[in-house]
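Under our numbering, the letters of the sequence shown match residues 861 to 1067, in that order.
Cβ atoms here follow ideal geometry from the backbone N, Cα and C, with glycine treated the same way.
Keep in mind the model is a prediction, meaning the values are calculated, not measured.
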Amino acid sequence: MGLLSIPAPALAGEKELSADTKDDDEKLCQQIGVNFWGASWHTQRPNRYNESGNWGLGVRCYTENPWFGNGEKSRSFAQIDAFRNSNWGIAVPISVGTEYEIMGIAGGDCQISAVGAVGLAFYESRVNRKNSIMIGPIPGISFGCRRVKFNVTAVPKVKVDKDLIVVAAVSMTFMLEDNSRSAKSSFLQVRLNKEKEEVLVHMIVPF
């Protein structure tokens, strides 16, 4: 009396894995983050800026980046926000950019990333009583652990007298479910391995 192990045929999960990852390649938004704005700091001192009440919300949409690195190290994003600015008015910026991981911490659970973006913003100043449209680069740095990211964004601004003012804005991003190819592939691969093990057990027959 013995046991014969018969290799299991290809499972439907393999086709599902291939089809799902292919569909994810075509998704424009693979992960969504919700931005929470709250504070800023200006290099021009002293000035009566509103630096502690920059409250607002925004949405960030991530997708894989085909130009810099791979999906694990580098991702592109687009985002739109609305918050109370430092001149007591409303700011509504729209930006696109790239986030690139430069260092992993705590076994990869936390990351420090460099951020480069360009933005277009509507800016209301209640101090000067005027509205304006701004466009320019938005460099920054991000520190994140799992689904939470803390962001520091620098916004350079040249005044009429040619003085350069840099505004550092602080925000937090809470990441929602990851629908990216790499995350879903990992989940499906675990399920696929489990299905293969179950089929192999059922294919063991006595002789």
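Start-to-end residues for the beta strand (DSSP E) that takes in C889:
No beta strand (DSSP E) holds C889; DSSP gives it neither H nor E.
Return the residue from the list Q890, L917, A899 and L888 that minimises the CA-CA distance to T1033.
Restricting attention to Q890, L917, A899 and L888, the CA atom closest to the CA of T1033 is found in L917.
Nearest-angstrom Cα separation, counted from G913 out to I995
Using only the alpha carbons, I get a separation of about 23 Å.
For E1037, does the count of other Cβ atoms within 10 angstroms reach 16, so buried, or fall short, so exposed?
Within a 10 Å sphere around the beta-carbon of E1037 sit fewer than 16 other beta-carbons, which makes this residue exposed.
Would you mind giving the Cβ-Cβ distance between A981 and V952, rounded to the nearest angstrom? I have them listed as a contact below 8 Å.
A981 to V952, Cβ: 6 Å. Contact.
DSSP state of A966 mapped onto helix, strand, coil
It is coil, neither helix nor strand.
Validate contact between the segment 985-993 and the segment 954-971 using beta carbons, cut 8 Å, 3 pairs
Between the segment 985-993 and the segment 954-971, the count of Cβ pairs shorter than 8 Å is below three; the stretches do not touch.
Between the Cα of I954 and the Cα atoms of L1024, L888, H902 and P997, which residue gives the shortest distance?
When L1024, L888, H902 and P997 are compared, the shortest CA-CA separation from I954 is found for P997.
T923 to E911 span [Cα, whole Å]:
Straight-line Cα distance between these residues: approximately 32 Å.
Can you grab the Cα-Cα spacing for the pair P1016 / V1026, in whole Å?
Taking the straight line joining both Cα atoms gives about 4 Å.
Straight-line Cα distance separating G1004 from G968:
If you take the alpha carbons of G968 and G1004, they lie about 10 Å apart.
Mind checking who A953 pairs with in its DSSP beta bridge?
Correcting the residue identity first, residue 953 is Pro in this sequence and not Ala. DSSP, once it has assigned bridges, lists A981 as partnering P953.
Residue range of the beta strand (DSSP E) that includes G916
Per DSSP, G916 belongs to the beta strand (DSSP E) from G916 to E924.
If we count the other Cβ atoms within 10 Å of its Cβ and call it buried at 16 or more, is Q971 buried or exposed?
Counting every other CB atom within 10 Å of its CB across the protein chains shown gives Q971 a total of 16 or more, marking it as buried.
With a CB to CB cut of under 8 Å and the five nearest residues on each side skipped, what residues in its chain are close to A942?
Only G916, L917, G918, I950, A951 and V952 meet the Cβ criterion.
Tell me the DSSP secondary structure of W897 in three-state form.
In the displayed model, W897 falls within a strand according to three-state DSSP.
Helix, strand or coil: how does DSSP classify Q971 here?
Strand at Q971.
Cβ-Cβ separation, G898 to S1002 (assumed contact under 8 Å), whole Å
The pair is not a contact, with the Cβ atoms about 15 Å apart (cut-off 8 Å).
Hey, W901 and A1028: beta-carbon distance below 8 Å or not?
Going by C-beta atoms, W901 is nearer than 8 Å to A1028.
Return the chain-ordered list of same chain residues with a C-beta closer than 6 Å to the C-beta of G893, the five sequence neighbours on each side being excluded.
Beyond the five residues adjoining it in sequence on each side, G893 comes within less than 6 Å, by CB distance, of R920, T1033 and M1035 in the same chain, given in chain order.
If Y960 and S934 are in contact, beta carbons under 8 Å, what's the gap, nearest whole angstrom?
Yes, they are in contact, since the Cβ atoms of Y960 and S934 sit about 5 Å apart, within 8 Å.
In three-state DSSP terms, what is Q939?
If DSSP states are grouped into helix, strand and coil, Q939 belongs with the strands.
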